[in-house]
Structures are given as structure tokens and as C-alpha cells.
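Enquirer: Sharing a structure below in C-alpha cells format, with a few things to ask.
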Amino acid sequence: MPIYDILLMGAPSGEQANPLAMFLPLILIFIVFYFFIIRPQKKKEDERKKMIEAVEKGDKIVTIGGVHGTVTQVDESSVLVQVDSGTKLRIEKSALSNVGGKGKD
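In the working numbering, the protein residues as written are 3 to 107.
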């Protein structure tokens, strides 16, 4: 029997499918997507914002480029970081990757 004949033997045309049953898989996928991807990502972003807002003078930091240093000055959108004795860099707060505690150098 050809495949075309099998396809024509599908569900009778007189029955209507429940619209909710058609959208249920899509709704379930969206719910799973929200709880496993969107929500954890939002929590992580909120924690990062709090970390950046809490930066203060004397904190050890690491930038997204891998530069390690100690914060010597904090401005509204940037920090001044002492990388080595006599070497200071001005870095945007958005470029901070990790903020440690107070340094003891």
C-alpha cells in the first residue's frame, strides 16, 4: 500500500481537535524554558549587579580580561585599580568579573 494512501487514512475529518490539547505542549515547553533558563539567568545577573555595586576601596578584583588588582578609588561607573606598585588602571565596573574581600598586600 503506498504511503499516500496511508496518509489519507488519518483521523476522520468530522472530529475537531481540542485547541487546548494542541497548545499544551507549547505551553509546557515555555514553562520548562522559563524555570530552567530564564529564571536562573536573572538571579545570576541580579547577584552580579549587587557584587558590582558593593565594590569599595581595598577590594581585590579580577576583570573579565584576567587582570588582577586592588581597588584604590571607586567612581560612579568605573574603578581605579592598582595592578602593581606604581601601575594603576581605570576599569569600567561592567568589566569586573570577580570581587574578593579586602586585600592584605
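No residue lacks a Cβ here, since even glycine has one placed at the ideal position from N, Cα and C. Being a predicted model, the structure only gives us computed values, none of them experimental.
1. Since Val64 and Asn100 are thought to touch, with beta carbons under 8 Å apart, how far apart are those beta carbons, to the nearest angstrom?
2. Kindly say whether Ala56, judged by its beta-carbon, lies nearer than 8 Å to any beta-carbon of chain C.
3. What three-state label does DSSP hand Lys59 in the structure shown?
4. For Lys90 and Leu82, which I take to be in contact (beta-carbon distance under 8 Å), what is that distance rounded to the nearest angstrom?
5. Alpha carbon to alpha carbon, what distance is there between Gly68 and Gly102?
Expert: Let me spell this out:
1. Residue numbering aside, residue 64 sits at position 62 when the sequence shown is read from its first letter. Residue numbering aside, residue 100 sits at position 98 when the sequence shown is read from its first letter. About 4 Å; that satisfies the 8 Å criterion.
2. In the displayed structure, chain C is absent; only one protein chain is listed.
3. Looking up residue 59 in the sequence shown gives position 57. Looking at Lys59 - three-state DSSP - the assignment turns out to be coil, as it is neither helix nor strand.
4. As a working mapping, residue 90 is identified with position 88 in the sequence shown. As a working mapping, residue 82 is identified with position 80 in the sequence shown. The pair is a contact, with the Cβ atoms about 6 Å apart (cut-off 8 Å).
5. The residue you call residue 102 lines up with position 100 of the sequence shown. The residue you call residue 68 lines up with position 66 of the sequence shown. If I take the Cα positions, the gap works out to 14 Å.
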